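A.B. asks:
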Amino acid sequence: MSKNKSVKDFLINNGVIIIMIILVLYTGLRSDNFFTANNFRNLGGNMSYRLVIALGIAGCVITGGCDLSAGRMIGFAACIAGTLLQKIDYSGKFFPGMEPLNPFLALILVMLICALFGSITGFFIAYLSVPPFIATLAMMEIIYGLGLIYTGATPLGGYVTSYTAFSSGKFLTLSWLIWIAVLVGLITWFIFNMTRHGKYMYAIGGNPQAAEVAGVPVKKTMVIIYAKAAAMYALAGFMLGAKAGGASINTGLGYEMEAIAACALGGVSVTGGRGRVSSAVIGVAVLELLKVALQFLGVDNNAQYIAIGIVLFIAISLDIRKYVAKK
Amino acid sequence: MAEYKLEMRGVCKAFPGVKALDGVELKLRPGTVLALMGENGAGKSTLMKCLFGIYKMDEGEILLDGERVEIKDPDDAMAKGIAMVHQELQPVPARSVAENMFLGRFPVHKYGPLQVIDHKTMNEETRRWLSELGLDYDPKALLGTLSIGQMQMVEIAKAVSHEAKIIIFDEPTSSLSDKEVDFLFKVMNDLRDRGVSMIYISHKMDEIKRIADDIQIMRDGTYVGTWSAAELTTDEIIAKMVGRELTNVYPEHHHQIGEVILEAEDITSIHERSFRNVSFKLRRGEILGFGGLVGAQRTELMEGIFGIRHLAKGTIRIKGKEVTIKKPHDAMNAGIGMITEDRRARGIVGCLSIKDNVGLSVYNKYLRSGFVLDHPAINKVVNESIDKLSIKTPSMMELIQNLSGGNQQKVIVARWLANDPDILIMDEPTRGIDVGAKHEIYEIMEDLASQGKAIIMISSEMPELLGMADRVCVMCDGKLTGEISDKSEMTQEKVMSYATMF
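Protein sequences appear in the order of chains D and L. First residue of the first sequence: 249, per the working numbering; consecutive thereafter. First residue of the second sequence: 19, per the working numbering; consecutive thereafter.
1) Please report whether the beta-carbon of D/ARG444 lies at a distance below 8 Å from any beta-carbon of chain L.
2) Can you check whether the C-beta of D/ALA573 is within less than 8 Å of a C-beta belonging to chain L?
3) Tell me the residue span of the alpha helix (DSSP H) that contains L/VAL172.
4) Under 7 Å, CB to CB, which of the residues in the stretch 435–464 of chain D have a partner in chain L?
5) Could you list the residues in the stretch 500–529 of chain D with a C-beta less than 7 Å from some C-beta on chain L, going in chain order?
6) So what does DSSP say about L/ARG86, is it helix, strand or coil?
7) Buried or exposed: which applies to D/ASN549, given that a residue is buried once 16 or more other Cβ atoms fall within 10 Å of its Cβ?
8) Verify the contact flag: L/TYR22, CB atom, against every heavy atom of the ligand NAP, threshold strictly below 7 Å.
9) Cβ of D/VAL466 within 8 Å of Cβ of D/ALA459?
10) Excluding the 5 residues flanking D/MET249 on each side, which residues of the same chain have their C-beta closer than 8 Å to its C-beta?
11) What distance in whole Å lies between the Cβ atoms of L/GLY303 and L/HIS524, which are believed to be in contact at a cut-off of 8 Å?
12) Would DSSP call L/SER292 helix, strand or coil?
13) Could you tell me the alpha carbon to alpha carbon distance between D/LEU483 and L/ARG364, rounded to whole angstroms?
14) Let me confirm a value: L/GLN426 is counted as buried when at least 16 other C-beta atoms fall within 10 Å, else exposed. Which label applies?
15) Consult DSSP for L/ALA182 and reduce its assignment to one of helix, strand or coil.
16) For D/ALA573, which of helix, strand or coil comes out of DSSP?
17) Do you know how far the Cα of L/ASP231 is from the Cα of L/VAL51?
18) I believe D/VAL272 touches D/LEU545 by the beta-carbon criterion, under 8 Å. Please report the beta-carbon distance rounded to the nearest angstrom.
19) Got a sec: is the Cβ-Cβ distance from L/MET356 to anything in chain D below 8 Å?
20) Across which residues does DSSP place L/LEU54 in a beta bridge pair?
21) Comparing the C-beta of L/ASP374 with each C-beta of chain D, is any distance below 8 Å?
22) Quick one: which chain D residues come within Cβ less than 8 Å of L/PRO447?
23) Using a Cβ-Cβ distance cut-off of 8 Å, determine whether L/PRO412 contacts chain D.
24) Where do the N-terminal and C-terminal ends of the alpha helix (DSSP H) with L/ILE404 fall, by residue?
25) How about L/GLY368: is its C-beta nearer than 8 Å to some C-beta of chain D?
26) Which residues in the same chain as L/LEU264 place their Cβ atom closer than 7 Å to its Cβ, once the five residues preceding and following it in sequence are excluded?
27) I need the boundaries of the beta strand (DSSP E) containing L/GLN133, first residue and last residue.
28) Which residue marks the beginning of the beta strand (DSSP E) containing L/LEU306, and which one marks its end?
29) Which full runs of the alpha helix (DSSP H) of 4+ residues lie inside the stretch 246–288 of chain L, going along the chain?
30) Classify D/THR469: buried if its beta carbon has 16 or more other beta carbons within 10 angstroms, exposed otherwise.
31) For a quick check, are the C-beta atoms of D/ALA326 and D/ALA475 less than 8 Å apart?
32) Only counting the same chain, and skipping five residues up and downstream in sequence, which positions put a Cβ closer than 7 Å to that of D/TYR450?
33) Starting from the beta carbon of L/ALA472, find every residue of chain D whose beta carbon is closer than 8 Å, and list them in chain order.
34) Look up D/CYS314 in the DSSP assignment and say whether it is helix, strand or coil.
35) Nearest by alpha-carbon distance to D/ALA507: which of D/PRO403, D/SER527, D/ALA492 is it?
36) Under the three-state reduction of DSSP, which class applies to D/CYS308: helix, strand or coil?
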């Protein structure tokens, strides 16, 4: 009886991971090219910027919010970075005759710009009590408009090799993008677990009123969370631009939803207070593996969306059971 | 016809650890107003909730018109002609008056399987019932646009429209203006003339004298007696309400009272009917009690001082220096801590561990290189307080929501002990915890006072207030109505008379 129960508990507690492992093994058996280094390198590249977005949005979700502006921020940052990093002799150059910037400088610049907009969102949420859903929706519209005006809706390309090298360059056979994601993961882990800010974030997500009475600077913390998240979207946009070798205003469209889905899949509680870096990693891995596996199994590309939806339903129902059962 | 419209006999109701009602009776004569009186926690509301089917009685019976009835739930109570008007009962402020009146029983047009709300009938019916009470509110107006007094009138109209024969009023006047009270009493008198019986819960002596025919007094969950309102004087009522000895044991006072550490002057809320013009001083090593009835705005006052609520005016001086407190974070920096009354809503962060709950207020103190949390040092502090306060838990990583109420409260105390403030505000520090844990909390308070900390304790439990406090401030209706600093004058009667100085 108790053994049965513990088996059941194990299945429920690790439902998502078990589903993922079964799917991967099945795909590996059905297809010869699945378990290859190349395939997993590709997978890692796709996961890299998705993870950066998911980790940014995780901070918002842990405080009981969300961030709908993420996707547009990614496109906006990718476009700004793109216009600053085109080859001087590229025919369709956005700023003709301008020397391309140092890519690191461009990266810092886009991160700062996005952080500024993120802090505006955070200000409305924290100080003017606008619900995060609406505040980030408003910022999404503003960012999209600004991006359209800035680029004139022109697609960008012809990047300097020092920029595209972020994707093509390798260290220990892995793309720089993967190393960036690992670094961001480590830094986020540090912030979540080793700083006041992280602890305050969890407390606000768990019970904002109690956190306030305990002396937590709730409003300031909220602004920092949204600013930090926006900076991470900018980094993701920069990475995406390097990987694709170009960008348009629609780059990153809809990625915020997939990032929120990934967080939820991995166990970040959408009601706030719970969630780790590993949750985001697992969630992103599950979604990306699912896509690749379905591709290998020859499933229609469009049907992938249906599969993602079904997995979300099942995984979240299982995840919720952990907490429902305990009460 | 039976002698009594409603009778309750031998009602008992226990909650975990507390016997809330013990053999209580109630007798309501037809067409009269019965005032139900007693201190906080005497069991008045619990009794009414049993009558209204919100709680299930453990023992006892209810007789309606002399016949035994079972009341399963509030719907059942309404069907039997019993209605309840509660000051905080505002069903749906965002919908119209008429929709609120007919919530759950909307008149409809039937078109085969399709049912369409008949707005015309609903509005007309609402207008008719309102005019019965002499009210001319627009049935289409949103309920939320009415004043609290007006909303209450809508509730009464709703009760009348249900053809209720018994209406319970639970502290209906606590947020009404004098004019609204007059109107309420006029309506109640009309209802009485029509043969409606009413139960009226209030602490306001002059109102009781004006409206009640009979007075029933309860104390500590027991029935004291019922008298004709004309028979009793205000002093007699108070004496019957408090008439008990102090039985609980409190630690001996060894602490020395020192210089003034906090001065509050003219503290006034931005809300008109909340706390106003309150001034008091607090000394080092002192336990200052705040007494009063529920609704006296003591919690609100302390939340105002702690920066949770806004102040319209007033100055706060700590160690002689004026401080500006706009948010709890400022209060904490000024050396004030606060343990809130509602532990679940504003105390604990349920989904976090004991460690994280204690840590919240001390992360500023335990940092390496200015920003990295010093986990070993924090663990040490948390483990020490678990030992010192004998918090029962397998480890400090246990989620606080898995602890008992008493242990949760000790974790919150540990949070502030770790922060080490000069001044600690404790709002109902022993509410909802068992006797053993209560005693431990008292000892911690005595210990803190001995170390020269200043403590403000809000308590609605009279023995606790008188047993722990060096000095007692009493509030009534947002004002400070009295201060008792002489130990020999600290009596329940004295506190009660200040607490009812409306």
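For each residue, glycine too, the CB sits at the ideal point set by N, CA and C. All values reported here derive from a predicted model rather than from experimental measurement.
C.D. replies: A quick look at the data gives this:
1) Start at 1 with the first residue of the first sequence, and residue 444 of chain D comes out as number 196. Yes, D/ARG444 counts as interfacial toward chain L.
2) On the first sequence, position 325 is the one that residue 573 of chain D refers to. Its pLDDT being 48, under 50, D/ALA573 is placed unreliably by the model, and the measurement read from it follows with that caveat. Cβ-Cβ to chain L under 8 Å: no for D/ALA573.
3) By one-based count along the second sequence, residue 172 of chain L stands at place 154. 166–179 is the span of the alpha helix (DSSP H), which, as asked, contains L/VAL172.
4) MET442, THR443, ARG444, LYS447, TYR450, ALA451, GLY454, ASN455, GLN457, ALA458, ALA459, GLU460, VAL461, ALA462, GLY463, VAL464
5) GLY521, ARG522
6) Working through the second sequence from its first residue, we reach residue 86 of chain L at position 68. Here L/ARG86 sits in strand by DSSP.
7) Taking the first residue of the first sequence as 1, we reach residue 549 of chain D at position 301. Exposed, since its Cβ has fewer than 16 Cβ neighbours within 10 Å.
8) Absence of the ligand NAP from the depicted structure is noted, as is the absence of any ligand whatsoever, leaving it without description.
9) Along the first sequence, read from residue 1 onward, the residue named residue 466 of chain D stands at position 218. Along the first sequence, read from residue 1 onward, the residue named residue 459 of chain D stands at position 211. The answer is yes: Cβ separation under 8 Å.
10) Translated into positions along the first sequence, residue 249 of chain D becomes position 1. Only weak support exists for where D/MET249 lies, its pLDDT of 43 falling under 50; the value from the coordinates is given anyway. Here the set comprises nothing.
11) Given a span of 19 to 520 for chain L in the structure shown, any question on residue 524 of chain L remains unanswerable.
12) In the second sequence, residue 292 of chain L corresponds to position 274, counting from 1. L/SER292 falls in the coil class under three-state DSSP.
13) Sequence index remark: in the first sequence, residue 483 of chain D carries index 235 (1-based). Sequence index remark: in the second sequence, residue 364 of chain L carries index 346 (1-based). Straight-line Cα distance between these residues: approximately 37 Å.
14) Taking the first residue of the second sequence as position 1, residue 426 of chain L is located at position 408. The residue is buried, with at least 16 neighbouring Cβ atoms inside 10 Å.
15) To locate residue 182 of chain L, count along the second sequence from 1; it is residue 164. Three-state DSSP puts L/ALA182 in coil, outside helix and strand.
16) The residue given as residue 573 of chain D occupies position 325 in the first sequence. Its pLDDT being 48, under 50, D/ALA573 is placed unreliably in this model, and the coordinates cannot settle the point.
17) Residue 51 of chain L sits at position 33 when you count from the first residue of the second sequence. Residue 231 of chain L sits at position 213 when you count from the first residue of the second sequence. In a straight line, the C-alpha of L/VAL51 is about 5 Å away from that of L/ASP231.
18) Taking the first sequence and counting its residues from 1, the one referred to as residue 272 of chain D is at position 24. Taking the first sequence and counting its residues from 1, the one referred to as residue 545 of chain D is at position 297. With 8 Å as the limit, D/VAL272 and D/LEU545 do not qualify as a contact, their Cβ atoms being about 11 Å apart.
19) Counting from 1 along the second sequence, the entry for residue 356 of chain L is found at position 338. So yes, L/MET356 belongs to the interface.
20) Position 36 of the second sequence, counted from the start, is the residue given in the question as residue 54 of chain L. The partner list for L/LEU54 (beta bridge, DSSP) reads L/ILE219, L/GLN234.
21) In the second sequence, the residue the question calls residue 374 of chain L occupies position 356. Answer yes: the Cβ-Cβ gap between L/ASP374 and chain D drops below 8 Å somewhere.
22) Counting from one through the second sequence, the residue named residue 447 of chain L turns up at place 429. Residues of chain D passing the Cβ test: none, with the nearest at roughly 14 Å.
23) As a first step, residue 412 of chain L is located in the second sequence; it is residue number 394 there, counting from the start. Chain D, which has no Cβ nearer than 8 Å to the Cβ of L/PRO412, makes this no.
24) Here residue 404 of chain L refers to the residue found at position 386 when the second sequence is read from its first residue. Where L/ILE404 is concerned, the enclosing alpha helix (DSSP H) stretches over 393–406.
25) Taking the first residue of the second sequence as position 1, residue 368 of chain L is located at position 350. Closer than 8 Å: yes.
26) In the second sequence, residue 264 of chain L corresponds to position 246, counting from 1. Any reading at L/LEU264 must be qualified, since the residue scores a pLDDT of 47, below 50, and its modelled position is unreliable; the value itself is stated next. Excluding sequence positions up to five before and after L/LEU264, its CB lies within less than 7 Å of the CB of PRO481, LEU484, GLY485, all in the same chain and listed in chain order.
27) Along the second sequence, one-based indexing puts residue 133 of chain L at 115. Taken as a continuous stretch (DSSP letters only), the beta strand (DSSP E) holding L/GLN133 covers 132–135.
28) Indexing the second sequence from 1 puts residue 306 of chain L at position 288. From DSSP, the beta strand (DSSP E) with L/LEU306 extends over 305–310.
29) Listed in chain order, the complete alpha helix (DSSP H) runs (minimum 4 residues) inside the stretch 246–288 of chain L are 252–260.
30) As a first step, residue 469 of chain D must be located in the first sequence, where it is residue number 221. Classification of D/THR469: buried, given that the 10 Å Cβ count is 16 or more.
31) Counting from one through the first sequence, the residue named residue 326 of chain D turns up at place 78. Counting from one through the first sequence, the residue named residue 475 of chain D turns up at place 227. For D/ALA326 and D/ALA475, no; Cβs fall outside 8 Å.
32) The count along the first sequence starts at 1 and reaches residue 450 of chain D at position 202. Cβ neighbours of D/TYR450 beyond the five flanking positions: ILE310, GLY521.
33) Reading the second sequence from its first residue, position 454 is the one you call residue 472 of chain L. Those within 8 Å of L/ALA472 in chain D number zero; the least Cβ separation is about 18 Å.
34) Stepping through the first sequence from its first residue, residue 314 of chain D is reached at position 66. Coil, per DSSP.
35) Counting from one through the first sequence, the residue named residue 507 of chain D turns up at place 259. With distances taken between Cα atoms, D/ALA507 lies closest to D/SER527.
36) Counting from one through the first sequence, the residue named residue 308 of chain D turns up at place 60. Looking at D/CYS308 - three-state DSSP - the assignment turns out to be helix.
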